[in-house]
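Once you know that position 104 of the sequence shown is 105 in this note's numbering, the rest is easy, because the numbers rise by one and skip nothing.
Remarks on the structure that follows.
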Amino acid sequence: MKLQEYTESKHNFEECMKCTVCTAYCPVLQVNPRYPGPKQAGPDGERLRLKDPFFFHYALKYCMNCKRCEVACPSDVKVADLIQAARIKYDRSKPKLRDRILASTDFMGSLARPFAPVVNGVTGLGVTKTLLDATLKIDRNRTFPKYSGRSFERWLSRREKEQAAFPEQVSYFHGCYVNYNFPQLGKDLVKVLNALGVGVRLLDKEKCCGIAMITNGMTEQATRHAQHNVAVIGKAVAEGRKVVTTSSSCTLTIREEYPNLLGVDNAAVRDSLMIATRFVFEKLERGATLRFRPDFHKKVAYHTPCHMEKLGWGVFSEKILRMIPGVEFTLLDSNCCGIAGTYGFKKENYAASQAIGAPLFDQIRTINPDVVACDCETCKWQIEMSTGYAVANPISILAEALE
Ligand code: SF4
Ligand code: SF4
């Protein structure tokens, strides 16, 4: 074995210098006294797990994989990855029915879509929420996202020829949310990219990125999804297309979690996959132009999702929003909204989830914007439910401002 292989682990825990910076940035540690924090559950725990794999085992489930500790760490220790990898490696318990339901977003979406009006009506009823709270421990205060009666895939596949006529093409990893809940975001992306002379294609049947499966202990299913998605993205890349996304969490999962947590090699596709605001920004930097409505005016407050912080790409969404004539822009303080995908739906996490998001909600109320912008669908659910303010993806705001 080479010396480097002997001294460096995959997630770099040996580099921890015990500065405790990560503990100051962990949103869970601030509100949940049962959680020992990123340093102890991460690099400290990893050393101890070499002797006893169950060290801090009870606490790992409290980590919501927001990655804020990794952004803060000056030694590039992959703290959140260490915690999630330990869960994957040592947790022998089977996921609960609730966790399987929450994590199977594409399966649940395909079941609910044909009956969307009924499902939306029933899941909004107080009696349904009480029942789900009592039986599955999904907190009764949580609002469920609405389903759309028509899928985005169906909408775009009917426009294949029209999109193929554009001189440049991209493929779009739309994710479950756009396909089953909110096709309008995908339509907004098509409008923006068409205005830049770029046609939009579907991938050769994408699957859910698997982020909720990873955090809910469904590693085998997540790995199968990862292998499938890398193959279909690879096909688009081999045919010369970039692949754009509108969800920061799907993006982070495909780029980072596939190799780091699931061991799925994405080297051939990683650099070709990017969030749409970055793609648009780069087109504009190279000289492309957009025509804007002269009467557009909106007070926009941008929330950088945790996974966008980790990607380092919030700057692209910010620049796009600042560039729109008529936008009065505020960058919100860097705060986690608290939902972390399925985490905030669970009864045992609900109070912590709302406490984590409270500073963000207060700041939004103080600023009183027309709309909150952010690139993550679950942040949108959390902010809309907790503040009553409308939340839109920067791409949708850009689409609305176009002539
Ligand atoms: S911030 Fe990094 S170096 Fe500092 S204690 Fe946390 S993991 Fe260790
Ligand atoms: S990923 Fe987030 S919740 Fe987990 S330890 Fe790091 S900062 Fe805390």
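Even for Gly, the Cβ is constructed at its ideal location relative to N, Cα and C.
For residue i, the first and last residue of its enclosing beta strand (DSSP E)
| i | result |
| --- | --- |
| S354 | From DSSP, S354 is part of no beta strand (DSSP E) but of the alpha helix (DSSP H) over 348–368. |
| V372 | 372–374 |
Residue i, enclosing alpha helix (DSSP H) - first and last residue
| i | result |
| --- | --- |
| R48 | 46–50 |
| R202 | Taken as a continuous stretch (DSSP letters only), R202 belongs to no alpha helix (DSSP H), being part of the beta strand (DSSP E) at 199–203. |
| F317 | 315–324 |
| H308 | 307–312 |
| L190 | 184–196 |
| K162 | 161–165 |
| I212 | 212–216 |
| I84 | 80–91 |
| T24 | 22–26 |
| A104 | 98–104 |
| L262 | 259–262 |
Bridge-paired residues (DSSP) for residue i
| i | result |
| --- | --- |
| E329 | K300 |
| M275 | V245 |
| A393 | A374 |
| F153 | Answer by DSSP bridge pairing: none, since F153 is not bridged. |
| I340 | Partner(s): none; I340 has no beta bridge. |
| I139 | K347 |
DSSP three-state assignment for residue i, whether helix, strand or coil
| i | result |
| --- | --- |
| T8 | Because T8 carries a pLDDT of 47, less than 50, the predicted location of this residue cannot be relied on, and no value is offered for it. |
| S172 | strand |
| I234 | helix |
| A400 | helix |
| K3 | Annotation note: pLDDT 45 at K3 (below 50); position unreliable, coordinate value reported separately. If DSSP states are grouped into helix, strand and coil, K3 belongs with coil. |
| F116 | helix |
| F293 | strand |
| Y59 | helix |
| M65 | coil |
| N13 | coil |
| L284 | Looking at the sequence itself, residue 284 is Lys, so the reference to Leu does not match. Three-state DSSP puts K284 in a helix. |
| M18 | coil |
| C1 | The shown model of the chain, from 2 to 404, leaves out residue 1, and the question about it has no answer. |
| L126 | coil |
| A227 | helix |
Cβ-heavy atom distance, residue i to ligand 1, below 7 Å
| i | result |
| --- | --- |
| P37 | no |
| K311 | no |
| S60 | It is worth fixing the name first, because residue 60 is Ala in this sequence and not Ser. Not under cutoff, so the answer is no. |
| P168 | no |
| S76 | yes |
| K162 | no |
| K97 | no |
| T124 | no |
| V22 | yes |
| M109 | no |
| A353 | no |
Option in the options with minimal Cα separation from residue i
| i | options | result |
| --- | --- | --- |
| R155 | Y36, M109, K130, K206 | K206 |
| T254 | F153, Q85, V32 | Q85 |
| R159 | K130, F145, V201 | V201 |
| R453 | N142, T136, N182 | Only positions 2 to 404 of the chain appear in this structure, which leaves residue 453 out of reach. |
| K162 | L133, L203, L190 | L203 |
| I276 | M309, E240, C67, V199 | M309 |
| F14 | V78, H229, A374 | V78 |
| F153 | Y173, E169, K95, F145 | Y173 |
| R143 | G339, V32, A237, C67 | G339 |
| N394 | E47, C377, T388 | C377 |
| Q228 | A374, L186, N267 | N267 |
| T106 | V245, C210, D363 | C210 |
| R35 | I89, C23, L61 | L61 |
| V372 | V328, A117, Y178 | V328 |
| C23 | S76, N33, D53 | S76 |
| R242 | V199, S248, N230 | V199 |
| T290 | A341, P37, E404 | E404 |
| Q170 | V238, N33, F145 | V238 |
| T246 | K320, C27, I396, I368 | I396 |
| Y303 | V265, I365, G342, E286 | I365 |
| P44 | G122, K147, K188, S10 | S10 |
| F196 | L285, G235, S94, L103 | Per the sequence shown, residue 196 should be read as Ala rather than Phe. If we check each option's Cα against that of A196, L285 comes out closest. |
Residue i: CB within 7 Å of a non-hydrogen atom of ligand 2
| i | result |
| --- | --- |
| Y26 | yes |
| V29 | yes |
| M65 | yes |
| I212 | no |
| V80 | yes |
| A302 | no |
| A42 | yes |
| I365 | no |
| I340 | no |
| I84 | yes |
Distance cut-off 7 Å: residue i Cβ against heavy atoms of ligand 4
| i | result |
| --- | --- |
| R69 | For ligand 4, the structure offers nothing, since it holds only ligand 1 and ligand 2. |
Contact with chain C by residue i, beta-carbon distance below 8 Å
| i | result |
| --- | --- |
| E161 | The displayed structure is made up of one protein chain only, and chain C is not part of it. |
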